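Peer 1: Under the numbering used here, think of the first position of the sequence shown as 11, with each following residue one higher.
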Amino acid sequence: MRLDTTRAILSDLIGFPSVSSDTNLPIIHYIADRLEAAGAAVEVMMDPSGHKANLFATLGEARDGGLVLSGHSDVVPVTDQDWTSDPFTMTERDGKLYGRGACDMKGFIAACLGSLDLLAEAARTRPIHFAFTHDEEVGCLGAQELVKILAKRPVKPALCIIGEPTSMQVFDGNKGCCEYTVRFEGRPGHSSAPDKGVNAVEYAVRYINRLFELRAELVKRCPEGSRFDPPPTTLNVGALRGGISHNVIAPRAELNWEIRPINEADMRFVKEEIASFVEDTLLPEMRAIAPEAGISTETIGEVVGLEPMDENAARDLVFALTGQNHAGCVAFNTEAGLFQSIGMDAVICGPGSIEQAHKADEFVSLDQMSQALAMIGRLASARS
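As structure tokens, this is what we get:
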């Protein structure tokens with residue numbers, strides 16, 4: 011019966027087309043209504059635009075030491091994907107529930123909402139909190155604002171389970187994700203007189219070459235025994251656009267690049283080194299010819315990762331709930347590191363496979379949903 015109830019809730023959640031580019035208010039209000047009906051104290055936190063919101067709710071007494079169940083409400087677009095059924099109408103076939111967000115990550119949210127009676131019982135021992143955010147898929151924007159609010163509150167949750175699709179396997183580490191767009195402004199001119207102009211593309215290439223040098227340094231900085239795959243912080247140059255023609259000195263260039271740090275120290279290292287290269291080398295050379303030349307950096311998203319810790323009470327709790335005794339690390343980014351950054355022990359475990367996320371015919375299996383419900387259900391007998 012609980013699985014049937016959860017299946018119906020998941021159908022409702024999938025029916026909300028909460029693509030990151032659109033509002034998530036309908037799905038947040040739906041979740042809020044269910045939590046309030048179960049006796050939770052619910053806060054809907056609007057963003058400045060008034061079109062997006064986070065939800066934070068609590069079952070039980072508001073005191074230190076609680077457990078947060080975390081998920082994001084937004085999904086990626088279905089544009090140009092070849093679905094065999096309506097992506098925003100849940101379809102069941104061969105023991106699988108299909109729909110956008112089925113595994114990433116409305117399946118976990120549905121399992122939480124389908125277990126509210128058991129979670130209310132668990133909240134007699136320690137408070138159970140729910141954190142459902144907006145815009146995770148475009149830089150964890152909602153979670154970044156939520157943790158700022160939680161960090162200032164006198165009541166501090168201790169643990170957080172992030173229900174990203176891990177096939178119900180336990181992960182206690184994920185890399186961060188930092189994305190940047192760098193714009194180079196030079197001075198155009200005829201290509202026969204390169205000394206009279208500032209070629210923005212050439213300076214962008216030199217910037218890229220410095221990034222590649224830093225990438226080699228990141229390999230050397232990788233701590234022995236890193237459990238990530240690949241082990242070191244990675245750096246990728248995603249796109250370079252610039253110039254006008256063969257015989258014109260390129261006046262502008264735009265570069266997109268990212269790093270996926272295994273720790274905050276690597277993130278600081280790359281940022282400080284590339285900033286010094288710009289300020290001490292590139293800009294002085296450019297402005298010696300063209301004072302109007304410039305380099306500007308736009309931070310698209312900057313999310314810390316979840317750093318594996320020897321002691322992690324959230325991981326140990328999920329071990330007890332699932333019977334597992336091994337935790338892995340993932341290369342994809344989650345909101346887990348943000349909760350860790352404000353003092354919580356965090357772990358990633360949820361229904362569905364990341365291999366199905368963001369694709370046409372995304373699905374979560376009924377078996378995975380049953381496992382998620384079993385994990386959540388055992389919280390009632392767990393002790394802090």
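Every residue gets a Cβ at the ideal spot worked out from N, C-alpha and C, and that includes glycine.
All values derive from a computational prediction rather than experimental measurement.
Between residue 242 and residue 200, what straight-line distance do the alpha-carbon atoms span, to the nearest angstrom?
Peer 2: Position 232 of the sequence shown, counting from 1, holds the residue named residue 242. Position 190 of the sequence shown, counting from 1, holds the residue named residue 200. Distance between the alpha carbons of residue 242 and residue 200 is about 43 Å.
Peer 1: Do you know offhand how far residue 28's Cα is from residue 46's?
Peer 2: As a position in the sequence shown, residue 28 is number 18, starting the count at 1. As a position in the sequence shown, residue 46 is number 36, starting the count at 1. Residue 28 and residue 46: Cα-Cα distance of roughly 21 Å.
Peer 1: What are the start and end residues of each continuous beta strand (DSSP E) run of 3 or more residues lying completely inside the stretch 25-105, in chain order?
Peer 2: Here the runs fully enclosed are 51-56, 63-69, 77-82 and 101-103.
Peer 1: To the nearest angstrom, how far is it from the Cα of residue 394 to the Cα of residue 379?
Peer 2: Here the question's residue 394 lines up with position 384 in the sequence shown. Here the question's residue 379 lines up with position 369 in the sequence shown. Confidence in residue 394 is poor, its pLDDT being 44 and thus under 50, which makes the residue's placement unreliable; the coordinate value appears in the next sentence. Whole-angstrom Cα-Cα distance: 25 Å.
Peer 1: Say whether chain C places a C-beta atom closer than 8 Å to the C-beta of residue 154.
Peer 2: Any reference to chain C falls outside this structure, which holds one protein chain only.
Peer 1: How would you call residue 95, buried or exposed, if buried means at least 16 neighbouring beta carbons within 10 angstroms?
Peer 2: Here residue 95 refers to the residue found at position 85 when the sequence shown is read from its first residue. Classification of residue 95: exposed, given that the 10 Å Cβ count is below 16.
Peer 1: Identify the residues that DSSP records as bridge partners of residue 266: which are they?
Peer 2: Working through the sequence shown from its first residue, we reach residue 266 at position 256. BP columns for residue 266 point to 191 and 249.
Peer 1: Looking at the structure shown, is residue 339 part of a helix, part of a strand, or coil, going by DSSP?
Peer 2: One-based indexing of the sequence shown puts residue 339 at position 329. Strand.
Peer 1: Since residue 222 and residue 339 are thought to touch, with beta carbons under 8 Å apart, how far apart are those beta carbons, to the nearest angstrom?
Peer 2: The residue labelled residue 222 in the question sits at position 212 within the sequence shown. The residue labelled residue 339 in the question sits at position 329 within the sequence shown. So it is not a contact: roughly 25 Å between Cβ atoms.
Peer 1: Based on the DSSP secondary-structure assignment, which residues constitute the bridge partners of residue 312?
Peer 2: For this step, residue 312 is matched to residue 302 along the sequence shown. Answer by DSSP bridge pairing, in chain order: 188.
Peer 1: Would DSSP call residue 142 helix, strand or coil?
Peer 2: Translated into positions along the sequence shown, residue 142 becomes position 132. Residue 142: strand per DSSP, three-state reduction.
Peer 1: Residues in the same chain with beta-carbon distance under 8 Å from residue 105, minus the five sequence neighbours each way, listed in chain order, please.
Peer 2: Position 95 of the sequence shown, counted from the start, is the residue given in the question as residue 105. Closer than 8 Å at the Cβ level, and outside the excluded window around residue 105, lie 375, 376 and 377.
Peer 1: Looking at the strands, I want to know which residues DSSP matches up with residue 391.
Peer 2: The residue labelled residue 391 in the question sits at position 381 within the sequence shown. Note: residue 391 sits in no beta bridge, so no partner.
Peer 1: Could you check whether residue 75 and residue 134 sit closer than 8 Å to each other, using their CB atoms as the reference points?
Peer 2: For the purposes of this step, residue 134 is taken as residue 124 along the sequence shown, with counting starting at 1. For the purposes of this step, residue 75 is taken as residue 65 along the sequence shown, with counting starting at 1. No, the Cβ-Cβ distance between residue 134 and residue 75 is not below 8 Å.
Peer 1: If you check the beta carbons only, do residue 349 and residue 184 fall under 8 Å apart?
Peer 2: Position 339 of the sequence shown, counting from 1, holds the residue named residue 349. Position 174 of the sequence shown, counting from 1, holds the residue named residue 184. In this structure, residue 184 does not lie closer than 8 Å to residue 349 by Cβ.
Peer 1: Can you pull the DSSP bridge partners for residue 169?
Peer 2: As a first step, residue 169 must be located in the sequence shown, where it is residue number 159. In DSSP, residue 169 forms a bridge with 77 and 355.
Peer 1: Can you tell me whether residue 307 is helix, strand or coil according to DSSP?
Peer 2: Reading the sequence shown from its first residue, position 297 is the one you call residue 307. Reduced to three states, the DSSP call for residue 307 is strand.
Peer 1: If you run the structure through DSSP and keep just helix, strand and coil, what is residue 183?
Peer 2: The residue given as residue 183 occupies position 173 in the sequence shown. Reduced to three states, the DSSP call for residue 183 is strand.
Peer 1: For residue 139, tell me which candidate among 119, 154, 145 and 312 has the shortest Cα-Cα distance.
Peer 2: On the sequence shown, residue 139 is found 129 positions in, with the first residue counted as 1. Selected option, being the one with the closest Cα: 119.
Peer 1: By how many angstroms is the C-alpha of residue 159 removed from the C-alpha of residue 165?
Peer 2: Here residue 165 refers to the residue found at position 155 of the sequence shown. Here residue 159 refers to the residue found at position 149 of the sequence shown. Cα-Cα distance, rounded: 11 Å.
Peer 1: Between 267, 362, 257 and 37, which lies nearest to residue 25 when the distance is taken from Cα to Cα?
Peer 2: Numbered from 1 along the sequence shown, position 15 holds the residue referred to as residue 25. Cα-wise, what sits closest to residue 25 is 37.
Peer 1: Please classify residue 325: does DSSP put it in a helix, a strand, or coil?
Peer 2: The count along the sequence shown starts at 1 and reaches residue 325 at position 315. DSSP places residue 325 in helix when its eight states are reduced to three.
Peer 1: Is it true that the stretch 254-272 meets the stretch 106-113, where meeting means three or more beta-carbon pairs spaced less than 8 Å apart?
Peer 2: The answer is no - the stretch 106-113 does not touch the stretch 254-272, with fewer than three Cβ pairs under 8 Å.
Peer 1: How about residue 224 and residue 180: do their beta carbons lie closer than 8 Å?
Peer 2: The sequence position of residue 224 within the sequence shown is 214, counting from 1. The sequence position of residue 180 within the sequence shown is 170, counting from 1. No, the Cβ-Cβ distance between residue 224 and residue 180 is not below 8 Å.
Peer 1: When you compare only the Cα positions, how much space is there between residue 103 and residue 18?
Peer 2: Walking along the sequence shown from the start, residue 103 turns up at place 93. Walking along the sequence shown from the start, residue 18 turns up at place 8. Taking the straight line joining both Cα atoms gives about 15 Å.
Peer 1: Alpha carbon to alpha carbon, how far is residue 193 from residue 83? Give it in angstroms, no decimals.
Peer 2: The count along the sequence shown starts at 1 and reaches residue 83 at position 73. The count along the sequence shown starts at 1 and reaches residue 193 at position 183. The alpha-carbon atoms of residue 83 and residue 193 are separated by roughly 33 Å.
Peer 1: Between which residues of its own chain and residue 205 is the CB-CB distance below 6 Å, once the five residues before and five after are set aside?
Peer 2: The residue labelled residue 205 in the question sits at position 195 within the sequence shown. Here the set comprises nothing.
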